[in-house]
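S.K.: The opening position of the sequence shown corresponds to residue 1 in my numbering, with each subsequent residue numbered one higher.
Ideal placement from N, C-alpha and C gives every residue a C-beta, glycine not left out.
Quick one: the structure is below, and I'll ask about it shortly.
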Amino acid sequence: MTALAIALLIAILLWPSRRLPRPSSTPSSVPKPIDEAMVVDLASALVSAGSAIPSALHALGSSLPPGDESDDALRASRSLLMGASWEEAWAGSSGRLVRLASALEPAWVDGAPPVVMLHRAAASIRARRLKDSQEAAARLGVRLMIPLGLCFLPAFFLIGVAPVIVSMGMKVFG
């Protein structure tokens, strides 16, 4: 018995250990997606602080991580400063700042106050995100019914109901 324990201990010590993969020390080159509602809120803060729309777009573009969103904001800022129309300034954009552009358009074209439209756009983004998460939670509830029906209900029957039926049958017939 002692020899078996010693052999088991040696086998455990000599067995190659399984290690978890270490995360790479280099950061990934793909930037994480930005929160669109946060960008709209930042634009709202810039505009409510007195910044003009082109300078607000330039500040947003320079503060966002490098990528399509920052390029679109910087390009739109430069185009608006050079006298391009709103559609020309946002032409060729990736479409990830569409709600920001649509919220700022009435302010640029018609002179409407942009802060109200930006607050509405941010609230709309958050409401849509909440609705999507609630729908996903409802779908999850439906998907969880399959394991319940296939695993838990037969187990409940075999552990809870079947012994009662067998004991009652033995009393009646036995």
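1. When the Cα atoms are used, what is the spatial distance from Met82 to Ala138?
2. Rounded to the nearest angstrom, what separates Met117 and Leu140 at their Cα positions?
3. What is the DSSP secondary structure of Ile159, counted as helix, strand or coil?
4. Per the contact definition of three or more C-beta pairs closer than 8 Å, is the region 52-67 in contact with the region 119-135?
5. So Ile125 is in the alpha helix (DSSP H); what residue range does that whole segment cover?
6. Roughly how many whole angstroms lie between the Cα atoms of Leu46 and Ala107?
7. Is the number of C-beta pairs between the region 55-64 and the region 142-161 that are closer than 8 Å three or more?
8. Expressed to the nearest angstrom, what Euclidean distance is found between the alpha-carbon atoms of Arg129 and Arg75?
9. Measuring straight from C-alpha to C-alpha, what distance separates Ser124 and Val40?
10. CA-CA distance, Ile146 and Ala155?
11. Once you ignore the five residues that flank Pro113 on each side, which residues in its own chain have a CB closer than 8 Å to its CB?
12. Just the Cα atoms here: how many angstroms apart are Ala84 and Glu105?
M.R.: Taking the definition as stated:
1. Taking the sequence shown and counting its residues from 1, the one referred to as residue 82 is at position 82. Taking the sequence shown and counting its residues from 1, the one referred to as residue 138 is at position 138. Distance between the alpha carbons of Met82 and Ala138 is about 50 Å.
2. As a working mapping, residue 117 is identified with position 117 in the sequence shown. As a working mapping, residue 140 is identified with position 140 in the sequence shown. Rounded to the nearest whole angstrom, the CA to CA distance from Met117 to Leu140 is 35 Å.
3. Stepping through the sequence shown from its first residue, residue 159 is reached at position 159. DSSP, reduced to helix, strand and coil, places Ile159 within a helical segment of the structure shown.
4. No: fewer than three Cβ pairs fall under 8 Å.
5. Position 125 of the sequence shown, counted from the start, is the residue given in the question as residue 125. Unbroken alpha helix (DSSP H) run through Ile125: Pro114 to Arg143.
6. The residue you call residue 46 lines up with position 46 of the sequence shown. The residue you call residue 107 lines up with position 107 of the sequence shown. Spanning the two alpha carbons is a distance of roughly 14 Å.
7. Under the three-pair Cβ rule at 8 Å, the region 55-64 does not count as touching the region 142-161.
8. For the purposes of this step, residue 129 is taken as residue 129 along the sequence shown, with counting starting at 1. For the purposes of this step, residue 75 is taken as residue 75 along the sequence shown, with counting starting at 1. Inter-residue distance for Arg129 and Arg75 is about 28 Å (C-alpha atoms, whole angstroms).
9. Locating residue 124 in the sequence shown gives position 124, where the first residue counts as 1. Locating residue 40 in the sequence shown gives position 40, where the first residue counts as 1. Ser124 and Val40 have their C-alpha atoms spaced approximately 11 Å apart.
10. The residue you call residue 146 lines up with position 146 of the sequence shown. The residue you call residue 155 lines up with position 155 of the sequence shown. Per the coordinates, the alpha-carbon of Ile146 lies some 14 Å from the alpha-carbon of Ala155.
11. Within the sequence shown, numbered from 1, the residue matching residue 113 stands at position 113. Correct list, in chain order: Ala107.
12. Residue 84 sits at position 84 when you count from the first residue of the sequence shown. Residue 105 sits at position 105 when you count from the first residue of the sequence shown. The straight-line gap from Cα to Cα measures roughly 13 Å.
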